[in-house]
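Heads up, the sequence shown is in this note's numbering, so the first residue is 398 and it goes up one at a time.
Notes to accompany the following structure.
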Amino acid sequence: MPVLVMKFGGTSVASLDRIRRAAKRVGVEVAKGYDVIVIVSAMSGKTNELVGWVNETSPLFDAREYDAVVSSGEVVTAGLMALTLQEMDVPARSWQGWQVPVRTTSAHSAARIEEIPTSNIIAKFDEGMRVAVVAGFQGISPEGRVTTLGRGGSDTTAVAFAAAFGAERCDIYTDVDGVYTTDPRIAAKARKLDRIAFEEMLELASLGAKVLQTRSVELAMRYNVKLRVLSSFEEQSDEAGTLVCAEEEIMESNVVNGIAYSRDEAKMTLISVADRPGIAAAIFGPLSEAGVNVDMIVQNISEEGRTDMTFSCPTDQVLRAEKALDAARVRGDINYHDLVADTDVAKVSAVGIGMRSQSGVAAQMFRTLSDEGVNIKVIATSEIKISVLIDRKYMELAVQALHDAFELERTA
Ligand code: ASP
Ligand code: MG
398 MPVLVMKFGG
408 TSVASLDRIR
418 RAAKRVGVEV
428 AKGYDVIVIV
438 SAMSGKTNEL
448 VGWVNETSPL
458 FDAREYDAVV
468 SSGEVVTAGL
478 MALTLQEMDV
488 PARSWQGWQV
498 PVRTTSAHSA
508 ARIEEIPTSN
518 IIAKFDEGMR
528 VAVVAGFQGI
538 SPEGRVTTLG
548 RGGSDTTAVA
558 FAAAFGAERC
568 DIYTDVDGVY
578 TTDPRIAAKA
588 RKLDRIAFEE
598 MLELASLGAK
608 VLQTRSVELA
618 MRYNVKLRVL
628 SSFEEQSDEA
638 GTLVCAEEEI
648 MESNVVNGIA
658 YSRDEAKMTL
668 ISVADRPGIA
678 AAIFGPLSEA
688 GVNVDMIVQN
698 ISEEGRTDMT
708 FSCPTDQVLR
718 AEKALDAARV
728 RGDINYHDLV
738 ADTDVAKVSA
748 VGIGMRSQSG
758 VAAQMFRTLS
768 DEGVNIKVIA
778 TSEIKISVLI
788 DRKYMELAVQ
798 ALHDAFELER
808 TA
């Protein structure tokens with residue numbers, strides 16, 4: 398029988414009532430003839446509560462015990478979902494990560510899935526079980542300890558199961574009805590996309606669109622898993638939501654398909670660094686070792702052998718960056734006159750695979766911002782993305798202006 402993966406996020410299983418609603422949707426797919434693998438999150442708010450308990454008990458916690466505690470939320474919803482389905486006369490069984498087993502690395506709290514053997518679950522399907530309810534977000538390390546996959550990780554569990562079982566589709570049920578051209582809370586004209594390419598979704602997810610864990614999109618792209626993002630609160634239909642799929646499956650597409658933003662960016666500038674071979678390595682090596690996620694980098698033209706180097710990183714990593722650079726200075730690996738951090742900036746990005754074949758997108762973006770009187774501080778581009786760093790107070794304005802300029806409210 399064809400397999401379908403259905404993932405329910407925290408708000409979709411937030412109460413017994415909602416679990417019942419979700420189970421009904423599963424029942425509909427079973428009736429169509431699918432064997433279903435249901436991946437559940439913890440009830441909304443539960444994981445935060447568990448993380449809080451761990452921090453309160455032991456601020457410098459042992460990550461293995463952190464995983465033991467925070468993985469428990471999904472265990473509860475998996476069991477409850479299986480019971481609810483059984484009450485509806487749908488043959489269902491719950492599975493914790495270790496029972497499948499979902500084999501992961503031993504990087505506790507940020508483990509990666511390495512392998513999902515399918516034989517245990519397939520044997521149960523063969524015996525007549527119609528739904529395997531699997532606790533998302535968790536697995537088992539080579540040492541035999543419970544691991545978790547990082548916050549938002551049940552999306553990744555879902556895609557990994559879809560890949561392993563060759564599922565026809567992976568439906569991600571959440572509290573929004575799909576992927577939007579931008580955040581509807583910022584731009585009222587934001588439009589739900591019917592389809593979006595993996596690469597675009599990957600950019601949007603890593604730029605902070607919180608619908609899907611970035612890792613899950615990477616996996617979907619690698620294994621060509623059709624992903625559908627849809628709301629569990631709306632009427633069920635085959636056309637609902639947004640399909641995240643290969644570029645080839647999208648007939649018409651706008652040049653720009655999304656405007657993303659991130660509020661918590663900081664701009665850091667090293668003033669007057671000696672400009673010599675190896676200087677970038679001497680700066681960014683220690684930053685990467687300190688776990689600072691550097692995003693944009695600009696090196697100014699140098700004068701008399703000295704230059705300014707600017708980079709951006711998440712606001713909450715500024716202290717770490719300062720410490721790492723200061724240590725490099727003390728060691729004599731770099732020398733600079735000053736390190737200036739500007740934490741009142743935001744990043745706004747335009748994303749679209751159409752940029753590959755159409756020129757002028759950057760020019761139009763810069764003109765639009767200049768017409769609004771928004772000053773650009775740093776620019777970075779990739780094949781399908783242009784990002785600018787601007788003053789945070791202009792972020793909303795910039796998002797709206799760009800959404801208008803690229804006519805994102807219109808379908809291609
Ligand atoms: N419950 C976990 C979290 O809140 C995993 C997930 O829901 O995806 O991060
Ligand atoms: Mg999530």
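Positions of the beta carbon are idealized from the N, C-alpha and C atoms, including for glycine.
query: Outcome for residue 492 when other beta-carbon atoms lying within 10 angstroms are tallied against a minimum of 16; result: buried
query: Meets three-Cβ-pair contact criterion under 8 Å: the stretch 528-543 and the stretch 607-626; result: no
query: Residue 551 CB to nearest heavy atom of the ligand ASP below 7 Å; result: yes
query: Cross-strand partners of residue 625 (DSSP beta bridge); result: 568 and 640
query: Between the CA atoms of residue 630 and residue 474 - distance to the nearest angstrom; result: 18 Å
query: Residues bridged to residue 403 [DSSP beta-bridge criterion]; result: 435 and 568
query: Alpha-carbon spacing of residue 783 relative to residue 398, whole angstroms; result: 44 Å
query: Between the CA atoms of residue 727 and residue 598 - distance to the nearest angstrom; result: 42 Å
query: C-alpha distance - residue 712 paired with residue 703, whole-angstrom precision; result: 27 Å
query: beta-carbon residue 780 near the ligand ASP non-hydrogen atom, thresh 7 Å; result: no
query: Status (buried if at least 16 other CB within 10 Å, exposed otherwise) for residue 520; result: exposed
query: Residues that residue 512 bridges to, as DSSP identifies them; result: 500
query: Rounded distance between the beta-carbons of residue 734 and residue 578, thought under 8 Å; result: With 8 Å as the limit, residue 578 and residue 734 do not qualify as a contact, their Cβ atoms being about 43 Å apart.
query: Other residues of its chain near residue 710: CB distance less than 7 Å, five sequence neighbours each side excluded; result: 663, 665, 689, 690, 691, 692 and 718
query: Selection from 628, 421, 641 and 592 that minimises the alpha carbon distance to residue 615; result: 641
query: Near the ligand MG: residue 406 beta-carbon under 7 Å from a heavy atom; result: yes
query: Stretch pair the stretch 664-684 + the stretch 694-708: three plus CB contacts closer than 8 Å; result: yes
query: Range covered by the beta strand (DSSP E) that runs through residue 671; result: 655-671
query: Chain D contact for residue 439 (CB, 8 Å cutoff); result: In the displayed structure, chain D is absent; only one protein chain is listed.
query: Exposed unless 16 or more other CB atoms sit within 10 angstroms - verdict on residue 716; result: exposed
query: Check whether residue 798 and residue 769 have beta carbons under 8 Å apart; result: yes
query: Per DSSP, the bridge partner or partners of residue 786; result: 744 and 775
query: Between the CA atoms of residue 471 and residue 405 - distance to the nearest angstrom; result: 11 Å
query: Beta-carbon gap between residue 785 and residue 773 smaller than 8 Å; result: yes
query: Span separating the alpha-carbon of residue 455 from that of residue 463; result: 9 Å
query: Bounding residues of the alpha helix (DSSP H) (the contiguous stretch that carries residue 450); result: 443-454
query: The beta strand (DSSP E) enclosing residue 708, as first and last residue numbers; result: 703-711
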